[in-house]
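Chains as they are written, first to last, in our numbering: chain A, 8 to 232; chain B, 227 to 491; chain C, 118 to 356. All residues carry an ideal CB built from backbone N, CA and C; glycine is no exception. None of the values given here were measured: they were computed from a predicted structure.
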């Protein structure tokens, strides 16, 4: 398990830096709030109560805010060429990927939790009833989202167009995740149990497993020279 | 007429220079040094080109004139003979070659495979675009709407976005191994995503009531013959365009290398 | 033999930054590689320290064949470059703790304390690296490179951007590194700083080593002449 503890050392380093500056999570949060706010003006007041609309708003906010955070993930590593220092360490490249993934997972999950809270107030959702199933969906979604997102963040960080290219790369690949998240949370908001959304949860699990594996295998190529 | 002939002679000179320089170039790059892309256009390529264009013309004749008019849909159904083969070429060989060549590049570090992947992605996007344009033309009179969120349509649209993103990624990096590496990573992830996208969209649509179905089109034997022929014709066209494009990119890369070497001398 | 390189080529796409370079270095020796900008010095250091892969040729560092055994070599290599590899939003101690854990350094707390004293940063160990001057950052980067007590050290233009005081301090630290057991390779284009403490010198021009000598066998003025002869020839080629 030395493998995982080394990865945790990397994630811990990112978390310490984030707790100090709070740049990433705060800007993600604010952006997520703003997306919810904008949707609010676009949707007719009567429709706001509809469970058909709510998941769309929620996961759009999550996706856009999440991409904002992923964008910053490797920018910090570029200052003082830290990524080179990291690559010089005697650890496998997959450890570095997992470390960055853990960090991004924690940041994105924290953002997701607060955005959920904000959303439940504005859209009249009784969060107590659905907290557990929604939480499970959030965790599964965040894993898939950050697994691919961390890889693509490493791909895009050295490019001139890095601010826009990450969204362009990530959103189409995220279609199954966002779809599954929206459908399963829609079920939960309708009062179904988590089992009612079983197919979608299975899809999320399959996606998470496949892309974590693929990203671990490909990360080396995204950072090597 | 004079300008045309002068143009072709200039082109000929350039090609001769490329061929001469290529053989004397330092053989240190094992990966990119020698490729069977001579400056002269080989005969088989011309034959392939003529065959591809001729078969597309025959397929056009078959689709527009020879095939009987479909009883329910009428003439508009004829667009199907090009719609379906375009979709097949894009979703089948074109994007699969991007995937395979991406893997081969990462293993062998030979830029030739990167160029094949890039060329195949361009053609895949082209044929996906044709699919997405011909689909609505057919759908409007039949279904009464240009677009429905049918699983196949939606998957094709998502696919289009994935491979346009792939091309965007390529265009934002200058040519070379870095571009090859990063786009290979995306090319692999994107292709693995395709079946998951399709499954998810299918579940999404079948859970909701489906408004229209595109199923149940019965083709008689002559219609089937035209369809199969058109499929072959479009595939041939794809192969021809792929070869031409890869040769173009190979040539461009050789010119770059010669330019570098002439600076160093 | 600490370093053995034969026929090394490194291409950046079509551009050969290193063109058939050969070099050997005995264990415990200190080699300084001089050369103008664009000679491929940084590329050489990056190949030898496993940061980039050689395109062609045999490279063996510390008994490890590159690029195949890069993973094994990394434990024994320390790199100081003009980039410090330090996280600006962490303190000096957090930076060293992080890298120390990555290298699995035993008794890390004591090791960090000793190193911070050696580079004269004990008093500011809990300040963010962001607030450090360039010279202090470079000293901390030396401590970072020394954490795991590497057998082979690569110094890529370590004097870049340092004022006189910081340069002197860096020089003093480098002297303590040169114990006879540790192999060092430094690149620079500054003849004075480069000649000061090395055992051997080399001149790199256009991706090849064109001159190699023991430092005892040359005098300063003569070497300067040799250097400008080689570099000057290069400029004539360019124009």
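query, result
"Give me whichever residues DSSP pairs with residue 296 of chain B in a beta bridge.", "B:300"
"So, is residue 281 of chain C buried or exposed, given that buried needs 16 or more other C-beta atoms within 10 angstroms?", "exposed"
"Measuring only between beta-carbons, confirm whether residue 215 of chain C sits less than 8 Å from chain A.", "yes"
"Taking the alpha-carbon positions, what's the residue 295 of chain B to residue 278 of chain B distance?", "26 Å"
"Determine the direct distance from the alpha carbon of residue 89 of chain A to that of residue 142 of chain A, and round the result to whole angstroms.", "34 Å"
"Measuring CA to CA, which of A:11, A:70, A:75, A:25 is closest to residue 164 of chain A?", "A:75"
"How big is the Cα-Cα spacing for residue 278 of chain C and residue 199 of chain C?", "8 Å"
"Please classify residue 430 of chain B: does DSSP put it in a helix, a strand, or coil?", "helix"
"Would residue 402 of chain B pass as an interface residue toward chain D - the criterion being a Cβ-Cβ separation below 8 Å?", "In the structure shown, chain D cannot be found, because the protein chains are A, B and C."
"Just to confirm, are residue 69 of chain A and residue 132 of chain A a CB contact at a threshold of 8 Å?", "no"
"Roughly how many whole angstroms lie between the Cα atoms of residue 271 of chain C and residue 139 of chain C?", "17 Å"
"Around the C-beta of residue 80 of chain A, are 16 or more other C-beta atoms found within 10 angstroms, so that it is buried, or is it exposed?", "buried"
"Consider the Cβ of residue 225 of chain A: report whether some Cβ of chain B lies at a distance smaller than 8 Å.", "yes"
"Measuring CA to CA, which of C:304, C:205, C:223, C:348 is closest to residue 147 of chain C?", "C:304"
"Let me know if residue 376 of chain B comes out buried or exposed under the rule of 16 or more other beta-carbons within 10 Å of its beta-carbon.", "buried"
"Output needed in chain order: residues of the segment 371-392 of chain B with a Cβ under 7 Å from some Cβ in chain A.", "384, 387, 388, 391"
"Nearest by alpha-carbon distance to residue 414 of chain B: which of A:174, A:210, A:194, A:162 is it?", "A:162"
"For the alpha helix (DSSP H) that residue 123 of chain C lies in, which residues bound it at each end?", "Where residue 123 of chain C is concerned, there is no enclosing alpha helix (DSSP H), although the beta strand (DSSP E) it sits in stretches over 120-129."
"How do the segment 168-177 of chain A and the segment 114-130 of chain A stand: do at least 3 beta-carbon pairs fall below 8 Å, yes or no?", "no"
"Counting only C-beta atoms, is residue 282 of chain C closer than 8 Å to chain B at any point?", "no"
"Leaving out the 5 sequence neighbours to the left and right, which residues in its chain are closer than 6 Å to residue 321 of chain C when beta-carbon positions are compared?", "150, 152, 156, 158"
"Using the three-state DSSP reduction, which class does residue 401 of chain B fall into: helix, strand or coil?", "coil"
"Taking just the CA atoms, how far does residue 482 of chain B sit from residue 399 of chain B?", "16 Å"
"Quick one: any contact between the segment 314-322 of chain B and the segment 382-391 of chain B, if contact means 3 or more CB pairs under 8 Å?", "yes"
"Just how far apart, CA to CA, sit residue 310 of chain B and residue 210 of chain A?", "29 Å"
"Compare the C-beta of residue 483 of chain B with all C-beta atoms of chain C and state if any pair is closer than 8 Å.", "yes"
"Which stretch, first to last residue, makes up the beta strand (DSSP E) that contains residue 303 of chain C?", "300-305"
"Measuring only the C-alpha atoms, how far is residue 354 of chain B from residue 389 of chain B?", "10 Å"
"Need the endpoints of the alpha helix (DSSP H) that residue 133 of chain C sits in, please.", "Unbroken run through residue 133 of chain C is the beta strand (DSSP E), 132-142; no alpha helix (DSSP H)."
"Are the C-beta atoms of residue 492 of chain B and some chain C residue less than 8 Å apart?", "There is no way to answer for residue 492 of chain B, as the model of chain B reaches only from 227 to 491."
"What does residue 423 of chain B touch in chain A if you count any residue whose Cβ is under 7 Å from its own?", "182, 183"
"Where does residue 223 of chain A sit, in a helix, a strand or coil, going by DSSP?", "helix"
"For the putative contact between residue 262 of chain C and residue 196 of chain C, defined by C-beta atoms under 8 Å, what is the C-beta separation to the nearest angstrom?", "6 Å"
"Name the residue from B:476, B:266, B:356, B:419 whose alpha carbon lies nearest to the alpha carbon of residue 402 of chain B.", "B:476"
"When we look at the beta-carbon of residue 219 of chain C and count the other beta-carbons within 10 Å, is it buried (16 or more) or exposed?", "buried"
"Name the DSSP bridge partner or partners of residue 89 of chain A?", "In DSSP, residue 89 of chain A forms no bridge with anything."
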